[in-house]
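Trainee: Sharing a structure below in C-alpha coordinates format, with a few things to ask.
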Amino acid sequence: MFNNKSILITGGTGSFGRMYTRTILERYKPKRLIIFSRDELKQYEMQQEFNEPCMRYFIGDVRDGDRLKQAFRDVDFVIHAAALKQVPAAEYNPMECIKTNIHGAENVIKAAIENGVEKVIALSTDKAANPINLYGATKLASDKLFVAANNIVGEGRTRFSAVRYGNVVGSRGSVVPLFKAIVARGETCLPITHEEMTRFWISLQDGVDFVLKNFSRMQGGEIFVPKIPSVCITDLAKAYAPNLEHKIIGIRPGEKMHEIMCPADDSHHTIEFEDHFVITPSISFFGRSNEYSVNMLGEQGQLVELGYEYHSGNNPHFLSPDEILALDESLGL
(Lines of atoms letter the chains of each structure in order from A; the text may use other names.)
(Lines give C-alpha, C1' and ligand atoms only; values in the text may rest on other atoms or scores of the structure.)
Protein backbone atom coordinates (compact mmCIF):
# COMPACT_ATOMS: atom_id res chain seq x y z
CA MET A 1 0.00 0.00 0.00
CA PHE A 2 3.02 2.30 0.25
CA ASN A 3 4.24 2.04 -3.34
CA ASN A 4 4.08 5.39 -5.16
CA LYS A 5 2.72 7.05 -2.00
CA SER A 6 4.01 10.03 -0.06
CA ILE A 7 4.84 9.21 3.56
CA LEU A 8 5.88 11.59 6.34
CA ILE A 9 7.23 10.85 9.79
CA THR A 10 7.46 13.50 12.48
CA GLY A 11 10.47 13.10 14.73
CA GLY A 12 11.90 11.09 11.86
CA THR A 13 15.56 11.27 12.89
CA GLY A 14 14.95 9.23 16.06
CA SER A 15 15.64 5.52 16.39
CA PHE A 16 12.12 4.60 15.28
CA GLY A 17 12.25 6.95 12.31
CA ARG A 18 15.56 5.58 11.07
CA MET A 19 14.38 1.96 11.31
CA TYR A 20 11.08 2.89 9.69
CA THR A 21 12.93 4.62 6.85
CA ARG A 22 15.19 1.62 6.27
CA THR A 23 12.21 -0.76 6.25
CA ILE A 24 10.15 1.33 3.83
CA LEU A 25 13.06 1.72 1.40
CA GLU A 26 13.82 -2.02 1.50
CA ARG A 27 10.24 -3.22 0.99
CA TYR A 28 8.47 -0.52 -1.04
CA LYS A 29 8.96 2.15 -3.66
CA PRO A 30 7.48 5.32 -2.16
CA LYS A 31 6.96 8.45 -4.19
CA ARG A 32 8.29 10.56 -1.31
CA LEU A 33 9.55 9.72 2.16
CA ILE A 34 9.64 12.89 4.25
CA ILE A 35 11.63 13.25 7.47
CA PHE A 36 10.21 16.08 9.60
CA SER A 37 12.26 17.06 12.65
CA ARG A 38 13.85 20.05 14.34
CA ASP A 39 17.48 18.88 14.68
CA GLU A 40 19.56 19.91 11.67
CA LEU A 41 22.61 17.90 12.77
CA LYS A 42 20.62 14.68 13.08
CA GLN A 43 19.10 15.32 9.67
CA TYR A 44 22.56 15.87 8.18
CA GLU A 45 23.81 12.64 9.73
CA MET A 46 20.75 10.73 8.54
CA GLN A 47 21.22 12.04 4.99
CA GLN A 48 24.62 10.35 4.87
CA GLU A 49 22.86 6.99 5.19
CA PHE A 50 19.52 7.64 3.49
CA ASN A 51 19.84 9.80 0.39
CA GLU A 52 17.61 8.03 -2.14
CA PRO A 53 15.83 10.29 -4.68
CA CYS A 54 12.51 9.88 -2.85
CA MET A 55 13.91 11.23 0.43
CA ARG A 56 12.94 14.71 1.64
CA TYR A 57 14.18 16.41 4.81
CA PHE A 58 12.10 19.15 6.45
CA ILE A 59 13.40 21.22 9.33
CA GLY A 60 10.44 22.01 11.55
CA ASP A 61 8.83 21.64 14.95
CA VAL A 62 5.43 20.09 15.62
CA ARG A 63 4.71 23.15 17.76
CA ASP A 64 4.67 25.17 14.51
CA GLY A 65 1.30 24.45 12.90
CA ASP A 66 2.00 26.49 9.77
CA ARG A 67 5.20 24.58 9.04
CA LEU A 68 3.36 21.27 9.47
CA LYS A 69 0.68 22.37 7.02
CA GLN A 70 3.39 23.09 4.46
CA ALA A 71 5.08 19.74 5.05
CA PHE A 72 1.82 17.75 4.82
CA ARG A 73 0.92 18.93 1.31
CA ASP A 74 0.09 15.96 -0.95
CA VAL A 75 1.06 13.47 1.78
CA ASP A 76 -0.85 10.17 1.96
CA PHE A 77 0.35 8.64 5.25
CA VAL A 78 1.75 10.19 8.43
CA ILE A 79 3.47 8.56 11.40
CA HIS A 80 3.59 10.93 14.36
CA ALA A 81 6.65 9.95 16.41
CA ALA A 82 7.81 13.38 17.62
CA ALA A 83 7.57 13.78 21.40
CA LEU A 84 9.42 14.79 24.53
CA LYS A 85 9.87 11.38 26.15
CA GLN A 86 12.19 11.68 29.14
CA VAL A 87 10.16 11.32 32.35
CA PRO A 88 12.40 13.44 34.65
CA ALA A 89 12.79 16.17 32.03
CA ALA A 90 9.01 16.38 31.69
CA GLU A 91 8.59 16.70 35.47
CA TYR A 92 11.02 19.61 35.61
CA ASN A 93 9.84 21.25 32.37
CA PRO A 94 6.11 20.54 32.29
CA MET A 95 5.02 23.30 29.92
CA GLU A 96 7.61 22.29 27.33
CA CYS A 97 6.32 18.72 27.44
CA ILE A 98 2.73 19.94 27.09
CA LYS A 99 3.60 22.19 24.14
CA THR A 100 5.21 19.35 22.19
CA ASN A 101 3.13 16.33 23.18
CA ILE A 102 -0.34 17.91 23.37
CA HIS A 103 -0.26 21.10 21.29
CA GLY A 104 1.99 19.33 18.79
CA ALA A 105 -0.57 16.53 18.45
CA GLU A 106 -3.30 19.10 17.85
CA ASN A 107 -1.18 20.71 15.12
CA VAL A 108 -0.58 17.36 13.43
CA ILE A 109 -4.31 16.67 13.40
CA LYS A 110 -5.18 20.07 11.94
CA ALA A 111 -2.47 19.82 9.26
CA ALA A 112 -3.59 16.31 8.28
CA ILE A 113 -7.25 17.29 7.96
CA GLU A 114 -6.49 20.49 6.04
CA ASN A 115 -4.32 18.60 3.54
CA GLY A 116 -6.57 15.55 3.19
CA VAL A 117 -3.98 13.06 4.44
CA GLU A 118 -5.42 9.55 4.11
CA LYS A 119 -4.20 7.92 7.34
CA VAL A 120 -2.32 9.02 10.45
CA ILE A 121 -0.87 6.74 13.13
CA ALA A 122 0.48 8.29 16.33
CA LEU A 123 3.00 6.48 18.51
CA SER A 124 1.79 6.14 22.08
CA THR A 125 3.40 4.55 25.15
CA ASP A 126 2.55 2.23 28.00
CA LYS A 127 2.96 5.27 30.27
CA ALA A 128 -0.30 6.68 28.82
CA ALA A 129 -2.22 3.86 30.52
CA ASN A 130 -3.15 4.95 34.05
CA PRO A 131 -0.46 7.67 33.95
CA ILE A 132 1.43 8.58 37.10
CA ASN A 133 3.85 11.08 35.55
CA LEU A 134 3.46 14.13 33.33
CA TYR A 135 4.90 12.45 30.26
CA GLY A 136 2.29 9.69 30.50
CA ALA A 137 -0.47 12.24 31.12
CA THR A 138 0.47 14.21 28.00
CA LYS A 139 0.54 11.04 25.89
CA LEU A 140 -2.88 10.03 27.23
CA ALA A 141 -4.16 13.47 26.19
CA SER A 142 -2.51 12.97 22.80
CA ASP A 143 -4.19 9.56 22.40
CA LYS A 144 -7.56 11.12 23.20
CA LEU A 145 -6.96 13.87 20.64
CA PHE A 146 -6.14 11.40 17.88
CA VAL A 147 -9.18 9.25 18.65
CA ALA A 148 -11.53 12.26 18.72
CA ALA A 149 -10.00 13.59 15.50
CA ASN A 150 -11.99 10.93 13.63
CA ASN A 151 -15.10 12.88 14.63
CA ILE A 152 -13.58 16.29 13.99
CA VAL A 153 -12.77 15.37 10.39
CA GLY A 154 -16.49 15.13 9.57
CA GLU A 155 -17.01 13.84 6.05
CA GLY A 156 -13.32 14.21 5.17
CA ARG A 157 -11.25 11.15 4.29
CA THR A 158 -8.56 11.40 6.99
CA ARG A 159 -8.48 8.64 9.60
CA PHE A 160 -6.47 8.61 12.83
CA SER A 161 -5.29 5.77 15.08
CA ALA A 162 -2.56 5.16 17.66
CA VAL A 163 -0.09 2.37 18.41
CA ARG A 164 0.95 1.69 22.01
CA TYR A 165 3.89 -0.42 23.12
CA GLY A 166 6.43 -0.39 25.93
CA ASN A 167 10.18 -0.78 26.33
CA VAL A 168 12.11 -1.02 23.06
CA VAL A 169 15.09 -3.35 23.37
CA GLY A 170 18.38 -1.45 23.33
CA SER A 171 16.87 2.00 22.80
CA ARG A 172 18.67 5.05 24.14
CA GLY A 173 18.29 5.35 27.90
CA SER A 174 17.02 1.78 28.32
CA VAL A 175 18.41 -0.76 30.75
CA VAL A 176 20.39 -3.00 28.34
CA PRO A 177 22.96 -0.33 27.36
CA LEU A 178 23.19 0.61 31.06
CA PHE A 179 23.89 -2.96 32.19
CA LYS A 180 26.42 -3.52 29.42
CA ALA A 181 28.27 -0.32 30.33
CA ILE A 182 28.40 -1.34 34.01
CA VAL A 183 29.81 -4.76 33.11
CA ALA A 184 32.36 -3.17 30.75
CA ARG A 185 33.58 -0.89 33.55
CA GLY A 186 34.25 -3.92 35.71
CA GLU A 187 31.92 -2.93 38.53
CA THR A 188 30.98 -5.47 41.19
CA CYS A 189 27.19 -5.06 41.33
CA LEU A 190 24.20 -4.11 39.20
CA PRO A 191 21.61 -1.55 40.30
CA ILE A 192 18.13 -3.12 40.43
CA THR A 193 15.10 -0.93 41.11
CA HIS A 194 12.94 -3.75 42.52
CA GLU A 195 13.27 -7.53 42.41
CA GLU A 196 9.69 -8.01 41.14
CA MET A 197 9.80 -5.35 38.42
CA THR A 198 8.86 -6.48 34.90
CA ARG A 199 8.93 -4.91 31.45
CA PHE A 200 7.59 -5.74 28.00
CA TRP A 201 10.25 -6.62 25.43
CA ILE A 202 9.92 -5.57 21.79
CA SER A 203 12.55 -4.98 19.14
CA LEU A 204 12.61 -1.79 17.12
CA GLN A 205 11.99 -3.77 13.93
CA ASP A 206 8.95 -5.47 15.45
CA GLY A 207 7.63 -2.06 16.52
CA VAL A 208 8.03 -0.72 12.98
CA ASP A 209 6.41 -3.81 11.45
CA PHE A 210 3.46 -3.50 13.83
CA VAL A 211 2.90 0.13 12.83
CA LEU A 212 3.09 -0.71 9.13
CA LYS A 213 0.60 -3.58 9.49
CA ASN A 214 -1.87 -1.35 11.32
CA PHE A 215 -2.11 1.06 8.40
CA SER A 216 -3.89 -1.81 6.63
CA ARG A 217 -5.91 -2.85 9.69
CA MET A 218 -7.17 0.54 10.85
CA GLN A 219 -10.55 2.06 10.21
CA GLY A 220 -9.88 4.99 12.54
CA GLY A 221 -10.11 5.50 16.29
CA GLU A 222 -8.28 2.36 17.46
CA ILE A 223 -5.39 2.16 19.89
CA PHE A 224 -3.41 -0.89 18.75
CA VAL A 225 -1.43 -2.89 21.34
CA PRO A 226 0.86 -5.78 20.30
CA LYS A 227 1.13 -9.07 22.17
CA ILE A 228 4.80 -9.26 23.10
CA PRO A 229 6.90 -11.10 25.71
CA SER A 230 7.84 -9.79 29.15
CA VAL A 231 11.09 -9.94 31.12
CA CYS A 232 11.80 -9.83 34.84
CA ILE A 233 14.45 -7.27 35.69
CA THR A 234 16.32 -9.91 37.71
CA ASP A 235 16.36 -12.29 34.72
CA LEU A 236 17.69 -9.47 32.59
CA ALA A 237 20.47 -8.91 35.13
CA LYS A 238 21.28 -12.65 35.15
CA ALA A 239 21.46 -12.66 31.36
CA TYR A 240 24.04 -9.88 31.14
CA ALA A 241 25.92 -10.30 34.40
CA PRO A 242 25.29 -13.73 35.95
CA ASN A 243 28.13 -13.34 38.45
CA LEU A 244 27.39 -9.84 39.73
CA GLU A 245 25.49 -9.07 42.90
CA HIS A 246 22.31 -6.98 42.77
CA LYS A 247 21.97 -3.68 44.58
CA ILE A 248 18.34 -2.71 45.17
CA ILE A 249 18.05 1.05 44.63
CA GLY A 250 14.26 1.45 44.79
CA ILE A 251 11.64 2.49 42.27
CA ARG A 252 12.42 5.87 40.75
CA PRO A 253 9.95 8.79 40.73
CA GLY A 254 7.23 8.27 38.12
CA GLU A 255 8.20 4.63 37.55
CA LYS A 256 5.79 1.67 37.70
CA MET A 257 6.36 -1.88 38.90
CA HIS A 258 4.85 -3.24 35.67
CA GLU A 259 4.20 -1.72 32.25
CA ILE A 260 0.46 -1.44 31.61
CA MET A 261 -0.80 -1.50 28.04
CA CYS A 262 -4.52 -2.25 28.38
CA PRO A 263 -5.83 -0.95 31.72
CA ALA A 264 -8.71 -2.67 33.50
CA ASP A 265 -10.80 0.49 33.30
CA ASP A 266 -10.75 0.11 29.49
CA SER A 267 -11.62 -3.60 29.50
CA HIS A 268 -15.16 -2.96 28.23
CA HIS A 269 -13.56 -1.28 25.20
CA THR A 270 -10.75 -3.82 24.64
CA ILE A 271 -10.90 -6.43 21.88
CA GLU A 272 -8.41 -9.30 21.75
CA PHE A 273 -7.12 -10.53 18.39
CA GLU A 274 -4.68 -13.37 17.74
CA ASP A 275 -1.52 -11.26 18.00
CA HIS A 276 -2.72 -7.91 19.33
CA PHE A 277 -5.35 -5.98 21.27
CA VAL A 278 -7.44 -3.02 20.17
CA ILE A 279 -8.74 -0.42 22.60
CA THR A 280 -11.80 0.97 20.87
CA PRO A 281 -13.13 4.53 21.20
CA SER A 282 -15.29 5.40 24.19
CA ILE A 283 -17.11 7.97 22.04
CA SER A 284 -19.40 7.42 19.06
CA PHE A 285 -18.45 8.81 15.67
CA PHE A 286 -21.00 10.72 13.64
CA GLY A 287 -22.28 8.69 10.71
CA ARG A 288 -19.94 5.75 11.41
CA SER A 289 -20.21 2.36 13.06
CA ASN A 290 -18.30 1.69 16.28
CA GLU A 291 -17.95 -1.98 15.37
CA TYR A 292 -14.27 -2.99 15.63
CA SER A 293 -14.45 -6.75 16.20
CA VAL A 294 -13.55 -7.29 12.53
CA ASN A 295 -10.76 -5.10 11.16
CA MET A 296 -10.05 -3.96 7.61
CA LEU A 297 -7.99 -7.11 6.95
CA GLY A 298 -10.89 -9.35 7.97
CA GLU A 299 -9.21 -10.43 11.22
CA GLN A 300 -11.73 -11.20 13.95
CA GLY A 301 -11.47 -10.49 17.67
CA GLN A 302 -13.65 -10.56 20.76
CA LEU A 303 -14.11 -8.46 23.87
CA VAL A 304 -11.95 -9.37 26.84
CA GLU A 305 -13.50 -10.16 30.19
CA LEU A 306 -14.63 -7.20 32.27
CA GLY A 307 -11.78 -6.10 34.51
CA TYR A 308 -9.08 -7.72 32.36
CA GLU A 309 -5.75 -5.87 32.38
CA TYR A 310 -2.81 -6.56 30.10
CA HIS A 311 0.44 -5.66 31.79
CA SER A 312 3.99 -6.99 31.83
CA GLY A 313 3.45 -8.74 35.16
CA ASN A 314 0.46 -10.90 34.15
CA ASN A 315 1.72 -11.65 30.65
CA PRO A 316 1.64 -15.42 29.89
CA HIS A 317 4.87 -15.13 27.86
CA PHE A 318 8.08 -14.41 29.82
CA LEU A 319 11.60 -14.70 28.41
CA SER A 320 14.23 -16.69 30.33
CA PRO A 321 17.78 -15.29 30.71
CA ASP A 322 18.97 -17.52 27.85
CA GLU A 323 16.08 -16.38 25.63
CA ILE A 324 16.83 -12.74 26.45
CA LEU A 325 20.46 -13.16 25.39
CA ALA A 326 19.54 -15.08 22.23
CA LEU A 327 17.02 -12.43 21.17
CA ASP A 328 19.34 -9.53 21.92
CA GLU A 329 22.24 -11.19 20.08
CA SER A 330 20.02 -11.75 17.04
CA LEU A 331 19.32 -7.99 17.09
CA GLY A 332 23.02 -7.16 17.24
CA LEU A 333 22.92 -5.74 20.76
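Straight run, no breaks: the sequence shown in the UniProt record's numbering ends on number 333.
Don't be surprised by glycine CBs; every beta carbon is placed ideally from N, CA and C.
1) Does DSSP put Y95 in a helix, a strand or coil?
2) Along the chain, where does the beta strand (DSSP E) that runs through K31 open and close?
3) Evaluate the contact criterion for the segment 234-249 versus the segment 208-216: three or more CB pairs, one atom per stretch, below 8 Å.
4) For the candidate residues P229, P253, D76, D235, whose alpha-carbon lies nearest to that of M197?
5) Compute the Euclidean distance between the alpha carbons of M257 and D322, then round it to the nearest angstrom.
6) What whole-angstrom Cβ distance do G82 and Y135 have, given they're in contact under 8 Å?
7) Three-state secondary structure (DSSP) at V183?
8) Would you call the segment 128-144 and the segment 254-270 in contact, with 3 or more CB pairs under 8 Å?
9) Should L319 be labelled buried (16 or more other beta-carbon atoms within 10 Å of its own) or exposed?
10) Answer with buried or exposed for F286, where buried requires no fewer than 16 other C-beta atoms within 10 angstroms of its C-beta.
11) Roughly how many whole angstroms lie between the Cα atoms of M55 and I121?
12) Is G65 closer than 8 Å to N107 when the C-beta atoms are compared?
13) Would you mind reading off the limits of the beta strand (DSSP E) that contains Y135?
14) Are the CB atoms of Y240 and F179 within a distance shorter than 8 Å?
15) Closer than 7 Å by C-beta to D74: which residues in its own chain qualify, once you throw out the five before and the five after it? Chain order, please.
16) Helix, strand or coil: which one does DSSP assign to P321?
17) Assuming F160 is part of the beta strand (DSSP E), what are its boundary residues?
18) Whose C-alpha, out of E222, C232, V87, is nearest the C-alpha of F273?
19) Would you check if the distance between the CB atom of N150 and the CB atom of R159 is smaller than 8 Å?
20) Contact defined as beta carbons within less than 8 Å: I believe N290 pairs with P281. What is the distance between those atoms, to the nearest angstrom?
21) Per DSSP, what are the beta-bridge partners of Y310 in this structure?
22) What does a CB cutoff of less than 6 Å around K29 pick up in its chain, not counting 5 residues either side in sequence?
23) Helix or strand or just coil, what does DSSP make of E26?
24) If you reduce the DSSP assignment to three classes, tell me which class M55 lands in.
25) Here's the rule: buried if 16 or more other CB atoms are within 10 angstroms of the residue's CB, otherwise exposed. What is G298?
26) Can you check whether the CB of R199 is closer than 8 Å to the CB of V231?
27) Near F16, what residues of its chain come up, given a Cβ to Cβ distance below 6 Å and the 5 sequence neighbours on each side ignored?
28) Applying the 10 Å Cβ sphere with the 16-neighbour rule, what's the burial state of H317?
Mentor: According to the structure data:
1) In the sequence shown, residue 95 corresponds to position 95, counting from 1. In the sequence as presented, Tyr is not what sits at residue 95; that position holds Met. Note: M95 maps to helix in three-state DSSP.
2) Here the question's residue 31 lines up with position 31 in the sequence shown. Premise fails: K31 is in no beta strand (DSSP E) and is neither H nor E.
3) no
4) Counted from its first residue, the sequence shown places residue 197 at position 197. Selected option, being the one with the closest Cα: D235.
5) Counting from 1 along the sequence shown, the entry for residue 257 is found at position 257. Counting from 1 along the sequence shown, the entry for residue 322 is found at position 322. C-alpha separation (whole angstroms): 23 Å.
6) If you number the sequence shown from 1, residue 82 lands on position 82. If you number the sequence shown from 1, residue 135 lands on position 135. Residue 82 is actually Ala in this sequence, not Gly. Contact flag wrong, Cβ pair sits at about 14 Å.
7) Position 183 of the sequence shown holds residue 183. Of the three classes helix, strand and coil, the one that applies to V183 here is helix, per DSSP.
8) Result yes; three or more Cβ-Cβ pairs closer than 8 Å.
9) Taking the first residue of the sequence shown as 1, we reach residue 319 at position 319. Counting Cβ neighbours within 10 Å, L319 comes out buried, since at least 16 surround it.
10) Indexing the sequence shown from 1 puts residue 286 at position 286. F286 should be labelled exposed.
11) Along the sequence shown, one-based indexing puts residue 55 at 55. Along the sequence shown, one-based indexing puts residue 121 at 121. When rounded, the distance between both Cα atoms is 20 Å.
12) Looking up residue 107 in the sequence shown gives position 107. Looking up residue 65 in the sequence shown gives position 65. Their beta carbons are under 8 Å apart, which means N107 touches G65 by this criterion.
13) Numbered from 1 along the sequence shown, position 135 holds the residue referred to as residue 135. Run containing Y135: none in the beta strand (DSSP E); it sits in the alpha helix (DSSP H), 134-152.
14) Residue mapping note: residue 179 aligns to position 179 of the sequence shown, counting from 1. Residue mapping note: residue 240 aligns to position 240 of the sequence shown, counting from 1. Taking 8 Å as the Cβ cut-off, F179 and Y240 qualify as a contacting pair.
15) Walking along the sequence shown from the start, residue 74 turns up at place 74. Excluding sequence neighbours, D74 sits near S6.
16) Counted from its first residue, the sequence shown places residue 321 at position 321. If DSSP states are grouped into helix, strand and coil, P321 belongs with the helices.
17) Here the question's residue 160 lines up with position 160 in the sequence shown. Run containing F160: 159-163, per the beta strand (DSSP E) assignment.
18) Within the sequence shown, numbered from 1, the residue matching residue 273 stands at position 273. The shortest Cα separation from F273 among E222, C232, V87 belongs to E222.
19) On the sequence shown, residue 150 is found 150 positions in, with the first residue counted as 1. On the sequence shown, residue 159 is found 159 positions in, with the first residue counted as 1. The answer is yes: Cβ separation under 8 Å.
20) Counting from 1 along the sequence shown, the entry for residue 290 is found at position 290. Counting from 1 along the sequence shown, the entry for residue 281 is found at position 281. Yes, N290 and P281 are in contact; Cβ-Cβ is about 7 Å, under 8 Å.
21) As a first step, residue 310 must be located in the sequence shown, where it is residue number 310. Beta-bridge pairing links Y310 to C262.
22) Residue 29 sits at position 29 when you count from the first residue of the sequence shown. Here the set comprises N3.
23) Locating residue 26 in the sequence shown gives position 26, where the first residue counts as 1. Three-state DSSP puts E26 in a helix.
24) One-based indexing of the sequence shown puts residue 55 at position 55. Three-state result, M55: strand.
25) By one-based count along the sequence shown, residue 298 stands at place 298. Classification for G298: exposed.
26) Taking the sequence shown and counting its residues from 1, the one referred to as residue 231 is at position 231. Taking the sequence shown and counting its residues from 1, the one referred to as residue 199 is at position 199. Yes, these two residues count as a Cβ contact at 8 Å.
27) Position 16 of the sequence shown, counted from the start, is the residue given in the question as residue 16. Result list for F16: A81, in chain order.
28) On the sequence shown, residue 317 is found 317 positions in, with the first residue counted as 1. Exposed is the call here.
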